[in-house]
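Below: the structure, in C-alpha cells.
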Amino acid sequence: MNAYGVLLQDLWLDIKLMHNKSTERANYPTQKPEALIERIVKASSNAGDLVLDCFCGSGTTAAVAEKLGRKWITCDLGRFAVHTARKRLLGIPDVRPFVVQNLGKYERQQWQAGQFAGGGAETPEQADRRQRAYTDFILRTYHAEPSTGYAWLHGRKAERFVHVGGVDGPVTTGDVTKLVLEFKRAVGTGKNAPTTNGIDVLGWDFAFELNEITKQAVEASQVQLRFKRIPRDVMDKRAVESGEVQFFEMAALNVKASAKGLIATVELTDFVIPPDDVPESVRGGIAHWSQWVDFWAVDWDHHGDTFHNMAQEYRTKKSPKLELKANHTYAAAGEYRVVVKVIDILGNDTTKSVTVTVKAK
Ligand SMILES: C[S@@+](CC[C@H](N)C(=O)[O-])C[C@H]1O[C@@H](n2cnc3c(N)ncnc32)[C@H](O)[C@@H]1O
Numbered sequence: 452m453n454a455y456g457v458l459l460q461d462l463w464l465d466i467k468l469m470h471n472k473s474t475e476r477a478n479y480p481t482q483k484p485e486a487l488i489e490r491i492v493k494a495s496s497n498a499g500d501l502v503l504d505c506f507c508g509s510g511t512t513a514a515v516a517e518k519l520g521r522k523w524i525t526c527d528l529g530r531f532a533v534h535t536a537r538k539r540l541l542g543i544p545d546v547r548p549f550v551v552q553n554l555g556k557y558e559r560q561q562w563q564a565g566q567f568a569g570g571g572a573e574t575p576e577q578a579d580r581r582q583r584a585y586t587d588f589i590l591r592t593y594h595a596e597p598s599t600g601y602a603w604l605h606g607r608k609a610e611r612f613v614h615v616g617g618v619d620g621p622v623t624t625g626d627v628t629k630l631v632l633e634f635k636r637a638v639g640t641g642k643n644a645p646t647t648n649g650i651d652v653l654g655w656d657f658a659f660e661l662n663e664i665t666k667q668a669v670e671a672s673q674v675q676l677r678f679k680r681i682p683r684d685v686m687d688k689r690a691v692e693s694g695e696v697q698f699f700e701m702a703a704l705n706v707k708a709s710a711k712g713l714i715a716t717v718e719l720t721d722f723v724i725p726p727d728d729v730p731e732s733v734r735g736g737i738a739h740w741s742q743w744v745d746f747w748a749v750d751w752d753h754h755g756d757t758f759h760n761m762a763q764e765y766r767t768k769k770s771p772k773l774e775l776k777a778n779h780t781y782a783a784a785g786e787y788r789v790v791v792k793v794i795d796i797l798g799n800d801t802t803k804s805v806t807v808t809v810k811a812k
C-alpha cells in the first residue's frame with residue numbers, strides 16, 4: 452500500500468526522484484532514492500533479517516537496511532562504488548561495525564583458470580604451466596621480455612628486472628626479500644645478469660608493511676625497487692589488445708606515530724602519488740598533498756589479518772576539511788602495530804604500518 456492507502460500496482464509513480472540538492476545524494480550516477488529501496492526492504496524482510504545487494508553502487512540498499520535494523524551484505528566490482536558506499540554507511544548515526552573485504556582474488560583466480568588452464572583437475576606440471584603462461588602474459592602486457600634461469604626475476608624490461616606477483620594473494624615482504632636476494636646473487640654473473648640495480652615488482656595487492664621493507668632493502672642492498680599495481684584492465688581483452696594497459700606505481704604514504712602515557716597519536720605527514728598516474732587536469736587543482744587523501748582509517752592493534760577500521764576521517768560535501776591526526780587510548784601498556792589505510796581521491800588504497808609503544812603513567 453502506498454502513502455494514500457492505495458494498493459500498489461506494478462508501476463510505482465509515487466516515489467519522487469532525488470533532487471539535485473538532496474542530502475541523500477552521493478554523486479553516484481545510478482543512485483536510487485532511499486524511499487524506493489525502503490519500500491522493497493520493508494515489504495520483503497523483517498528487522499534482524501539479512502539483506503543482500505550484489506550490485507551496491509552508492510550503497511543505497513545497505514544504508515536503508517542499516518537504518519531499518521536489518522543485517523546486510525553488499526558488493527560491487529567497482530572501487531569507486533565500494534568507497535562511496537563505505538563513506539555513506541559511516542555517515543549513518545550509530546551505524547553498527549562492518550568490514551570491507553576485498554574478494555578480488557576469487558575473480559582473478561577464475562580469470563587465470565579460464566585463460567591459462569585446460570579445465571578440470573590439474574597435475575602439478577599443468578599448474579606450473581598455467582602459472583608460467585600467466586606470468587608471460589603479464590610480462591607481455593607490461594611490454595617486458597621473459598627471462599630464464601631465475602625463480603623470482605621473471606622478466607626484463609629495458610635495463611630492469613621484473614617480478615610478477617601471483618593472483619592468489621598480495622606481494623609479501625617474504626617475496627621481496629627473496630627476489631632481492633636472487634638479484635644480489637645474480638649481479639655480475641651469467642648472460643642474463645643485471646646491468647642496473649632496478650627491479651619492477653608487479654602485484655595485484657601489496658602487504659601492509661611493504662613500505663618499511665622497501666626502505667630496508669634499498670638501504671641494505673642498494674637495489675631500486677619500484678612497486679606497480681597490475682590493473683584489472685589485464686582481464687579485459689579489448690584493453691590488452693589496444694596495447695595501452697597502464698601499470699601505475701604505488702603511492703607513498705608517510706605517517707608519524709607518537710605516544711604519551713597510554714595515548715598514541717598518528718599523523719599523516721606526506722602522501723605522494725607517482726606523477727605519471729594522474730591526469731594533468733586533476734594534478735593542477737592540488738595545492739597541498741593532503742588534497743589527494745579522501746578517506747583514512749586506522750587499525751590501532753593490527754595482528755596481520757583483516758584490517759579493522761577502528762577510527763576514520765573522511766571528507767564529505769558538508770565538511771570537506773580533513774583532520775590529519777588521530778588519537779587512541781590503549782587499555783594496557785605495550786607495543787602495538789598500527790596500520791593506517793589511505794584511500795585517495797582516485798579510489799586507490801595505500802597502507803602503512805608503524806609500531807607504537809605506550810606506557811602506563
Ligand atoms: C545500477 S548500479 C546500482 C545502483 C545502486 N542501487 C544505488 O542506489 O546506488 C549497478 C552497480 O552494479 C555494479 N556491477 C555491475 N556488474 C557487477 C558484477 N558482475 N559484480 C558486482 N557488481 C557489479 C556496477 O559497478 C554498479 O555500481
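Residue numbers (my numbering): 452 to 812.
All C-beta atoms in this analysis are idealised placements derived from N, C-alpha and C, irrespective of residue type, glycine included.
Placement of the Cβ of Asp687 at a distance of 6 Å or more from every heavy atom of ligand 1 is found. When C-alpha distances from Ala532 are compared across Arg490, Thr511 and Trp523, the shortest belongs to Thr511. Nearest neighbour of Gly712 by Cα position, chosen from Thr802, Gly785 and Arg677, turns out to be Gly785. Ala532 has its Cβ nearer than 6 Å to a heavy atom of ligand 1.
Taking C-beta atoms under 8 Å as the contact rule, His605 and Val618 fail to qualify, at a distance of about 14 Å. Here the C-alpha atom of Thr720 lies approximately 35 Å from the C-alpha atom of Ser473. For Trp562, there is no enclosing beta strand (DSSP E); the residue is found in the alpha helix (DSSP H) stretching over Gly555 to Phe567. Not one heavy atom of ligand 1 lies closer than 6 Å to the C-beta of Tyr601. If the five residues before and after Trp743 are omitted, its C-beta is found closer than 7 Å to the C-beta atoms of Phe722, Ile724, Ile737, Asp795 and Ile796, all from its own chain and listed in chain order. Not one heavy atom of ligand 1 sits closer than 6 Å to the Cβ of Thr474. Listed in chain order, the beta strand (DSSP E) elements of length 3 or more contained wholly in the segment 552-636 are 606-608 and 611-615. Per the coordinates, the alpha-carbon of Thr586 lies some 15 Å from the alpha-carbon of Phe698. Per DSSP, reduced to three states, the secondary structure at Asp750 is strand. Residues of the same chain with a CB within less than 6 Å of the CB of Arg581, apart from the 5 flanking positions on each side, are Phe567 and Ala568 in chain order.
For the set Gly755, Leu775 and Pro771, the Cα lying nearest the Cα of Ala762 is the one of Leu775. Within the same chain, Cβ atoms closer than 6 Å to the Cβ of Thr481 are found at Gly508, the five residues on either side in sequence being excluded.
Secondary-structure assignment with DSSP links Lys522 through a beta bridge to Leu501. One Cα belongs to Ile491, the other to Tyr781, and the distance between them is close to 43 Å.
Our two residues, His739 and Leu704, have alpha carbons roughly 14 Å apart in a direct line. Between Ala477 and Arg539, the C-beta gap is smaller than 7 Å, which places the two residues in contact. In this structure, Ser509 has its beta carbon less than 6 Å from a heavy atom of ligand 1.
For Val691, the uninterrupted alpha helix (DSSP H) run begins and ends at Lys688 to Glu692, by DSSP. Ser693 is the residue among Pro730, Val550, Ser693 and Arg766 whose C-alpha sits nearest the C-alpha of Arg591.
Ranking Tyr557, Glu558, Leu554 and Arg537 by CA distance to the CA of Pro548 puts Arg537 first.
When only Cα atoms are considered, Ile589 and Asp656 end up about 15 Å apart. Per the coordinates, the alpha-carbon of Gly798 lies some 17 Å from the alpha-carbon of Val749.
CA-to-CA, the gap between Arg607 and Val696 works out to about 18 Å. With a cut-off of 6 Å, the C-beta of Thr624 is classified as distant from ligand 1, since no heavy atom of the ligand falls inside that distance. Linking Leu630 to Trp603 through their CA atoms gives a straight-line distance of about 5 Å. Comparing alpha carbon positions, the residue from Asp545, Leu459, Leu632 and Ala715 closest to Tyr601 is Leu632.
Between Lys810 and Thr802, the gap from beta carbon to beta carbon reaches 7 Å or more. With a contact defined as Cβ atoms closer than 8 Å, Val790 and His753 qualify at about 4 Å. For Gly798, the Cβ stays outside the 6 Å cut-off from all heavy atoms of ligand 1. Pairing Arg521 with Ser495 gives a Cβ-Cβ distance that is not under 7 Å.
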